[in-house]
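For the first sequence, this note's numbering begins at -16 and goes up steadily by one. All residues carry an ideal CB built from backbone N, CA and C; glycine is no exception. Below is one structure; the comments refer to it alone.
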Amino acid sequence: MNVMNVYEILLNHFGHQCWWPVSHKFRPREFEVCAGAILTQNTNWKNVEKALELLYKNGMRTPEKIAVADIKKLEEAVVPSGFYRQKAQRLKNFSMFVMSFGGFAEFAKDVTRQDLLSLSGLGPETADSMLLYALGRRVFVIDAYTKRTFVRLGFRACEGYEEWRRFFEAEVTEDVDLYKEFHALIVELAKNFCRTKPFCRKCPLNKICAKKI
DNA sequence: CGCCAGGGCCATA
DNA sequence: TATGGCCATGGC
């Protein structure tokens, strides 16, 4: 059993996910991915969709607009996604950073992982989600589901985020599209079957599961 | 009703 | 450097 076997099982069971989901109401489209990555921190995606819709309705649909938006208006729009004061500030800081490159296209071309991690409110998972799904960089996104799933399957637990990421990037040698698909499939697995409980019988990974945790 | 979500920061020890 | 508290709303 290796990492790619797990991928095959998930793909066969759930099919292609074609992440990241976007409403196409923001410009550029990739900016919506970045905004969603911030808004979904420890938050259900349904709530994120409400916040995105409010941002759009209130004229904040580009990094240009959000960078100069009134913080109170921003907070109001982002309320449904929770942690609304933090997230309004993070969204604004991020947008200002994007504009410091001259625009989103220049940002996308030149920004580094270290740049993103240096921003307040962008941790490794949020940064890597942006890098992979908005900027098309080949980085493996690690989240709580990823760790939990693979520890359950009997893989040895890594020390921290960076070690997990290097592990997966060494095991998965395929291209960026497969990286996108893999993380999406892990989230889909968690949504359907196994958030905090052990794998149930209907879970596609139950047969190969080594640990009942 | 209680649990928890596609985290991250900061204060303590 | 490692935990723990905190941020906050809405779905289920």
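Discussion item. Less than 8 Å between the beta carbons of A50 and S6, yes or no?
Written reply: For A50 and S6, no; Cβs fall outside 8 Å.
Worksheet item: Since F66 is in the alpha helix (DSSP H), which residue starts that stretch and which ends it?
Response: Under the DSSP assignment, F66 falls outside any alpha helix (DSSP H); it carries neither an H nor an E label.
Worksheet entry | R44 in three-state terms, based on DSSP | If DSSP states are grouped into helix, strand and coil, R44 belongs with coil.
Discussion item. For F14 and V62, I'd like the C-alpha separation in whole angstroms.
Written reply: Distance between the alpha carbons of F14 and V62 is about 20 Å.
Fill in: Segment limits, alpha helix (DSSP H) that includes D160
Taken as a continuous stretch (DSSP letters only), the alpha helix (DSSP H) holding D160 covers 159 to 175.
Worksheet item: Which class does R139 belong to by DSSP, given the choice of helix, strand or coil?
Response: DSSP places R139 in coil when its eight states are reduced to three.
Worksheet entry | Alpha-carbon to alpha-carbon, E171 and A127 | If I take the Cα positions, the gap works out to 13 Å.
Practice prompt. Report the residue from K70, N(-5), A52, R10 whose alpha carbon sits nearest the alpha carbon of N30.
Written response: When only C-alpha atoms are compared, the closest one is K70.
Discussion item. Which residue marks the beginning of the alpha helix (DSSP H) containing R148, and which one marks its end?
Written reply: Here the alpha helix (DSSP H) through R148 covers 144 to 154.
Worksheet item: Grouping DSSP H, G and I as helix and E and B as strand, with all else coil, what is R202?
Response: Lying outside -16 to 196, the shown extent of the chain, residue 202 is not represented and no answer is given.
Fill in: Simplified DSSP state of H(-1), which is helix, strand or coil
Coil, per DSSP.
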